[in-house]
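If you read the protein sequences in the order shown, they are chains A and B. Residue numbering for the first sequence follows our numbering, beginning at 245 and increasing consecutively. Residue numbering for the second sequence follows our numbering, beginning at -18 and increasing consecutively. Even glycine gets a Cβ: it sits at the ideal position worked out from N, Cα and C.
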Amino acid sequence: QQQVKQSPQSLIVQKGGISIINCAYENTAFDYFPWYQQFPGKGPALLIAIRPDVSEKKEGRFTISFNKSAKQFSLHIMDSQPGDSATYFCASTMDSSASKIIFGSGTRLSIRP
Amino acid sequence: NAGVTQTPKFQVLKTGQSMTLQCAQDMNHEYMSWYRQDPGMGLRLIHYSVGAGITDQGEVPNGYNVSRSTTEDFPLRLLSAAPSQTSVYFCASRPHSGTEAFFGQGTRLTVV
Chain A
245 QQQVKQSPQS LIVQKGGISI INCAYENTAF DYFPWYQQFP GKGPALLIAI RPDVSEKKEG
305 RFTISFNKSA KQFSLHIMDS QPGDSATYFC ASTMDSSASK IIFGSGTRLS IRP
Chain B
-18 NAGVTQTPKF QVLKTGQSMT LQCAQDMNHE YMSWYRQDPG MGLRLIHYSV GAGITDQGEV
42 PNGYNVSRST TEDFPLRLLS AAPSQTSVYF CASRPHSGTE AFFGQGTRLT VV
């Protein structure tokens, strides 16, 4: 069962542009929403995460926007660079040691120079 | 610290063969899990463990077995390999008190 829906599946952005990836979740018990970044041949690594008590979190060029009522959250990459080319996964989980992390289907981002 | 180590990195199996994918972590994390990654499907949870001696099924457990005899190791066993199990497999761990998952480099498995 797909509890986290991610779009688009792939995205091409010009260097310097804004990359936007969207996710929607179903389980209102989720209280932690991370984004993972994966480069070819590597395992995913945590990029940035947000909890539902805030509507936005920014770390450098990366921003998560969170809409609790719509059960949606998105990743914005400002001033996108070729080095940002990777696959991005949104995820949802509960802040519990026994909780599972449920991942979205992934977005392959390509930044054109 | 080596983090999460998976072996082998690549494997080709014939249909019906069995094998074990190894996963070891040196961070003393309680929580470990196995995912498979397929194009357009994201990361799907196969099995997970919240501590030594405790395992549970994820979204796609059929055809796989796990055990957790130590905190460090969490092997994934394919009982009778099928072409549908061709995938990239990732092992991950995280601490009891944390939410960040640390992934291994993956095992690319091809079943012919």
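When the cut-off is 8 Å and only beta carbons count, does residue i lie next to chain B?
{"i": "A/SER336", "result": "no"}
{"i": "A/LYS286", "result": "yes"}
{"i": "A/PHE306", "result": "no"}
{"i": "A/ALA268", "result": "no"}
{"i": "A/LYS344", "result": "yes"}
{"i": "A/TYR276", "result": "yes"}
Should residue i be flagged as near chain A, meaning a C-beta pair shorter than 8 Å?
{"i": "B/GLY34", "result": "no"}
{"i": "B/THR(-12)", "result": "no"}
{"i": "B/THR1", "result": "no"}
{"i": "B/CYS81", "result": "Looking at the sequence provided, one finds Glu at residue 81 of chain B rather than Cys. For B/GLU81, the answer is yes, since a Cβ of chain A falls inside 8 Å of its Cβ."}
{"i": "B/MET22", "result": "yes"}
{"i": "B/PHE(-9)", "result": "no"}
{"i": "B/LEU102", "result": "This structure cannot settle anything about residue 102 of chain B, because the visible part of chain B is limited to -18 through 93."}
{"i": "B/TYR29", "result": "yes"}
{"i": "B/GLN66", "result": "no"}
Applying the 10 Å Cβ sphere with the 16-neighbour rule, what's the burial state of residue i?
{"i": "B/GLN66", "result": "buried"}
{"i": "A/LYS344", "result": "buried"}
{"i": "B/HIS77", "result": "exposed"}
{"i": "B/ALA(-17)", "result": "exposed"}
{"i": "B/GLN38", "result": "exposed"}
Output needed for residue i: all residues of its chain with C-beta closer than 6 Å, excluding positions within five of it in sequence on either side, in chain order.
{"i": "B/GLN(-8)", "result": "LEU90"}
{"i": "A/ILE294", "result": "PHE277, LYS301, ILE308 and PHE310"}
{"i": "A/GLN247", "result": "GLU270, ASN271 and ILE346"}
{"i": "B/LEU24", "result": "TYR16 and GLN18"}
Can you list, in chain order, the residues of its chain with a C-beta nearer than 8 Å to that of residue i? Leave out the 5 residues immediately preceding and following it.
{"i": "A/SER354", "result": "SER254, LEU255, ILE256, VAL257 and SER329"}
{"i": "A/GLY348", "result": "VAL248, LYS249, GLN250, CYS267, PHE333, CYS334 and ALA335"}
{"i": "A/LYS315", "result": "ALA268, TYR269, GLU270 and THR272"}
Leaving out five residues on either side along the sequence, give the residues of the same chain with a beta carbon under 7 Å from the beta carbon of residue i.
{"i": "B/SER61", "result": "GLY(-3) and SER(-1)"}
{"i": "B/LEU59", "result": "SER(-1), MET0, GLY44, TYR45 and GLN66"}
Interface residues of the region 300 to 326 of chain A facing chain B [CB-CB below 9 Å]: none
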